[in-house]
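Below: the structure, in structure tokens.
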Amino acid sequence: MSLANKIENLNNKKINLDKKITVIENRLRLQNSKERNKLNNKKKSLAKIFLSSNFKLIAGNNTFSIYEIYTIGGLIIMHQLDKYKSTILLASYNQIVKMCLDTITKNIIYNQGKQSYLHDRKINKDIHDKLCLINGILIRAKRLIEDSDLEYLHQIGNNEFIKLRKLKLDRKHQQIIASLKNNIKTV
Numbered sequence: 048m049s050l051a052n053k054i055e056n057l058n059n060k061k062i063n064l065d066k067k068i069t070v071i072e073n074r075l076r077l078q079n080s081k082e083r084n085k086l087n088n089k090k091k092s093l094a095k096i097f098l099s100s101n102f103k104l105i106a107g108n109n110t111f112s113i114y115e116i117y118t119i120g121g122l123i124i125m126h127q128l129d130k131y132k133s134t135i136l137l138a139s140y141n142q143i144v145k146m147c148l149d150t151i152t153k154n155i156i157y158n159q160g161k162q163s164y165l166h167d168r169k170i171n172k173d174i175h176d177k178l179c180l181i182n183g184i185l186i187r188a189k190r191l192i193e194d195s196d197l198e199y200l201h202q203i204g205n206n207e208f209i210k211l212r213k214l215k216l217d218r219k220h221q222q223i224i225a226s227l228k229n230n231i232k233t234v
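Using our numbering, read the sequence shown as starting at 48 and increasing by one per residue.
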């Protein structure tokens with residue numbers, strides 16, 4: 048075999064190896080993307096549970112960006128609350144929120160959350176303060192769950208989810224009634 052043939056064979060092998068490397072890199076990117084999407088969906092569902100709690104009573108009605116929702120979900124995962132059922136989480140969140148209705152307790156919980164929360168430049172100050180409060184609530188919720196009877200919290204959480212579903216249905220019924228009244232007026 049001549050030197051030119053050897054070089055051509057080596058170039059062909061190099062091209063084949065480059066193609067295989069590209070295929071493997073693409074598979075890894077796809078796998079990483081799937082894992083990231085799975086984690087993001089988990090964060091969204093955990094944040095949704097938290098935001099369905101009575102948190103609005105102490106923080107008002109806020110809209111959070113998707114980044115902030117992922118941050119809330121990340122805080123929940125960081126505090127290892129993702130291993131508990133949604134009913135247990137909702138019950139514990141609501142119990143801590145009830146404690147926060149007292150301004151002194153709210154400040155204590157806020158400061159506790161602020162100590163272990165790092166400032167994120169992508170989040171404005173108003174939301175940052177709410178995330179510090181959320182972090183404090185999550186810290187307290189973890190302690191509450193660890194010190195409580197899980198079955199009792201599960202029952203409380205089930206009742207609270209039933210109330211939420213009932214409120215949602217009532218709102219939907221009110222919207223239907225209002226639209227029917229508007230249709231009758233136009234006829």
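Beta carbons: idealized from backbone N, C-alpha and C, even for Gly.
Burial state of residue i, where buried means 16 or more other Cβ atoms lie within 10 Å
{"i": "L165", "result": "exposed"}
{"i": "K130", "result": "exposed"}
{"i": "E115", "result": "buried"}
{"i": "K90", "result": "buried"}
{"i": "K213", "result": "exposed"}
{"i": "K177", "result": "buried"}
{"i": "A51", "result": "exposed"}
{"i": "T118", "result": "buried"}
{"i": "N154", "result": "exposed"}
{"i": "N79", "result": "exposed"}
{"i": "N158", "result": "exposed"}
{"i": "Q221", "result": "exposed"}
Residue i (DSSP reduced to helix, strand or coil)
{"i": "N108", "result": "coil"}
{"i": "F102", "result": "coil"}
{"i": "K132", "result": "coil"}
{"i": "S226", "result": "helix"}
{"i": "L165", "result": "coil"}
{"i": "S139", "result": "helix"}
{"i": "S92", "result": "helix"}
{"i": "S80", "result": "helix"}
Where the alpha helix (DSSP H) containing residue i begins and where it ends
{"i": "Q127", "result": "Segment: none, Q127 is in no alpha helix (DSSP H) and carries neither H nor E."}
{"i": "Y157", "result": "150 to 162"}
Original post:
Can you list, in chain order, the stretches of the alpha helix (DSSP H) that have 4 or more residues and sit fully within the stretch 171 to 221?
Top reply: 172 to 194
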